[in-house]
Amino acid sequence: MAGIGGLGRSRHRYEWNLLAEAREIESLRGRVGDAVRSLGGDTDAVESARLGVSELLANAVQHVEDPHLRLVVLRERGAVFVKLFDRSPKVPAVSTPDWDSDSGRGLWLLREMTDAMGYTCTPTGKWVWFRCPLAKAEVAA
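Numbering follows UniProt numbering, with no gaps: position 28 of the sequence shown is 28.
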């Protein structure tokens, strides 16, 4: 994601404006992992966020015409939210994958491994997001 530039961070939030490019997914995955760790995420939260953001970014690269994206990682009520905004009105479809297919498992897997996953439509596009607990101990509390 050839960065248009990171917007920075606040105490509980990180934001980046990006250009969708497949070659940059690994770099963004690392940044998101670092952000989740700094927000108090345990190893499971960091790895879930890294895997999840990879899937969201890969889908945007493949399915969204306008390459301008906005990525937000924030902490709220013992959980981390990862949200990606794109300018496409097309909503993601999550269904049981065809196990014989070479693709089509990512969003299903993301839904299965996180607390929640969804999308929110806006007049100019949509946010696709997922939530996972920051730490296993906070889930029981």
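Just so it is clear, CB atoms sit at the ideal spot from N, CA and C, and this is done for glycine as well.
Nearest candidate by alpha-carbon position, reference residue i, set the options
i, options, result
"LEU107", "ALA135, VAL128, GLY40, PHE85", "VAL128"
"ALA49", "HIS63, PRO67, ALA116, ASP86", "ALA116"
"HIS12", "GLU26, VAL82, SER54", "VAL82"
"VAL53", "PRO89, GLY125, ARG87, SER27", "SER27"
"GLU76", "LEU84, ILE25, LEU39, GLU24", "LEU39"
Coarse secondary structure for residue i, derived from DSSP in three states
i, result
"GLU21", "coil"
"residue 155", "Absent from the structure is residue 155, since the part of the chain shown begins at 1 and ends at 141."
"VAL80", "strand"
"GLY52", "helix"
"LEU110", "helix"
"LEU39", "coil"
"ALA58", "helix"
"ALA45", "helix"
"GLU138", "Note on GLU138: pLDDT 46, under 50, position unreliable in the model; the coordinate value appears next. GLU138 falls in the helix class under three-state DSSP."
"GLY5", "Below a pLDDT of 50, predicted positions are generally treated as unreliable, and GLY5, at 48, falls in that range; no measurement from the model is reported."
Buried or exposed by the 16-neighbour rule on C-beta atoms within 10 Å, applied to residue i
i, result
"VAL91", "exposed"
"ALA79", "buried"
"GLU65", "exposed"
"GLY30", "exposed"
"GLY5", "For GLY5, the predicted model reports a pLDDT of 48, less than 50, meaning its position is unreliable; a value from the coordinates is still stated below. Exposed, since its Cβ has fewer than 16 Cβ neighbours within 10 Å."
"ARG131", "buried"
"LYS136", "exposed"
"GLY41", "buried"
"GLU55", "buried"
"GLY118", "exposed"
"SER122", "It should be pointed out that residue 122 corresponds to Thr in this sequence rather than to Ser. Under this definition THR122 is an exposed residue."
C-beta atoms of residue i and residue j nearer than 7 Å
i, j, result
"ALA20", "ALA60", "yes"
"LEU18", "LEU74", "no"
Cross-strand partners of residue i (DSSP beta bridge)
i, result
"ASP34", "Paired residues: none, contrary to the question."
"THR122", "GLY125"
"residue 157", "The structure shown does not extend to residue 157, since the chain is modelled only from 1 to 141, so the question has no answer here."
"ASP86", "LYS126"
Cβ of residue i within 7 Å of any chain C Cβ
i, result
"LEU71", "The structure shown has no chain C; it contains just one protein chain."
Residue i beta carbon near the ligand SAM (any heavy atom closer than 6 Å)
i, result
"GLU65", "No copy of the ligand SAM appears in this structure; indeed no ligand is present at all."
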